[in-house]
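Numbering (the working numbering), first residue to last: 1307 to 1559. Notes follow the structure.
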């Protein structure tokens, strides 16, 4: 194929991707109530995570966050934004398939296998990271920050924009953090990372994980810190196993 043929194929791929994202966004926009029931669920005491923790005595007081809106068109714009993100997430498997179908002809068979593992594993871990954020990280952060007061005379009035922004940023952050095993696997495939190095600096990694967990959820209680740091530490241990297994695999010419 000539350069212009490649350019036409790229344009066709991008048009299909954008069309799929718009279709998914329109579909999500039409289901406003279930969409926002899901998004706003952590603002109520009957959220599944709060019920779990209340059974072990972690949360004894009821929690109800009444969000406010201070801009005329903000609710409509947030509806559009969340619908677009939800639609993109809905059609993301097709988007990845379309982009990979465009790139794959330029790869050797062995490179295709590694690319499929990297893309598939990265997508899966990103989704898992977002799920962990939605079920644990964000609810704990929200409950702490929404109820924190410097003085009883200062009441908290949380805006819908702040709520959505925090949810999106934390979800993206945890999705990126959960890419750690995939990144370690790629570095091990390139011969850059060794399991002995990760084991040697395990204690340093634990300190970094605790600091990161404290930043993500600036809560004073040890239970919340443990809930946040434990998944990240398990990711580190999983990465050691992946690197070890990758290094012992024989290379094929």
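All C-beta atoms, glycine included, are put in the ideal place defined by N, C-alpha and C. The model shown is predicted, which means the values in this text are computed figures rather than measured ones.
What residue from 1508, 1320, 1444, 1493 has the CA that sits closest to residue 1404's CA? 1320
Can you give the Cα-Cα distance for residue 1494 and residue 1352, rounded to whole angstroms? 44 angstroms
Whole-angstrom distance between residue 1407 and residue 1343, CA atom to CA atom: 36 angstroms
Residue 1431 beta carbon less than 8 angstroms from that of residue 1368: no
Using 8 angstroms as the cut-off, can you tell me whether the segment 1311 to 1329 makes contact with the segment 1433 to 1452, which would need three or more C-beta pairs spanning the two stretches below that distance? no
Apart from the five residues on each side of it in sequence, which residues of its chain come closer than 6 angstroms, Cβ to Cβ, to residue 1389? 1331, 1334, 1335
Answer yes if the segment 1407 to 1426 comes into contact with the segment 1468 to 1481, meaning at least three C-beta pairs across the two stretches below 8 angstroms, and no otherwise. no
Just to confirm, is the Cβ distance from residue 1374 to residue 1463 under 8 angstroms? yes
When the Cα of residue 1356 is compared with those of 1399, 1441, 1308, which residue comes out closest? 1441
Starting from the Cα of residue 1354, find the closest Cα among 1438, 1310, 1420 and give me that residue. 1438
Can you name, in chain order, every residue of its own chain whose Cβ lies under 6 angstroms from the Cβ of residue 1349, other than the five neighbours on each side? 1371
Report back the beta-carbon spacing between residue 1326 and residue 1401 to the nearest angstrom; my notes put them in contact at under 8 angstroms. 6 angstroms
So, under 8 angstroms CB-CB, residue 1519 and residue 1548 are touching, yes? Tell me the CB distance rounded to an integer number of Å. Actually they are not in contact, since the Cβ atoms of residue 1519 and residue 1548 sit about 22 angstroms apart, beyond 8 angstroms.
Roughly how far, in whole angstroms, is the beta-carbon of residue 1545 from the beta-carbon of residue 1504, given that I think they are within contact range, below 8 angstroms? 7 angstroms
Could you tell me if residue 1457 is buried or exposed, where buried requires 16 or more neighbouring beta carbons within 10 angstroms of its beta carbon? exposed
Can you give the Cα-Cα distance for residue 1550 and residue 1421, rounded to whole angstroms? 20 angstroms
Taking only runs of the beta strand (DSSP E) that begin and end inside the segment 1406 to 1484, which ones reach a length of at least 3 residues, in chain order? none
Pick out whichever of 1508, 1338, 1459 has its Cα sitting closest to the Cα of residue 1381. 1338
So, helix, strand or coil for residue 1308, using DSSP? coil
Distance cut-off 7 angstroms: residue 1476 Cβ against heavy atoms of the ligand PLP: Absence of the ligand PLP from the depicted structure is noted, as is the absence of any ligand whatsoever, leaving it without description.
Assuming residue 1480 contacts residue 1428 (C-beta within less than 8 angstroms), just tell me the rounded distance between them. About 14 angstroms; that fails the 8 angstroms criterion.
Quick one: residues in its chain with C-beta nearer than 6 angstroms to the C-beta of residue 1473, no 5 flanking neighbours on either side, listed in chain order? 1444
Own chain, CB closer than 8 angstroms to residue 1482, minus 5 neighbours either side, in chain order: 1432, 1435
Taking buried to mean at least 16 other C-beta atoms within 10 Å of its own C-beta, is residue 1501 buried or exposed? buried
Under 8 angstroms between C-beta atoms of residue 1542 and residue 1521: no
In three-state terms, what does DSSP make of residue 1374? strand
Could you tell me the boundaries of the alpha helix (DSSP H) in which residue 1381 lies? 1380 to 1396
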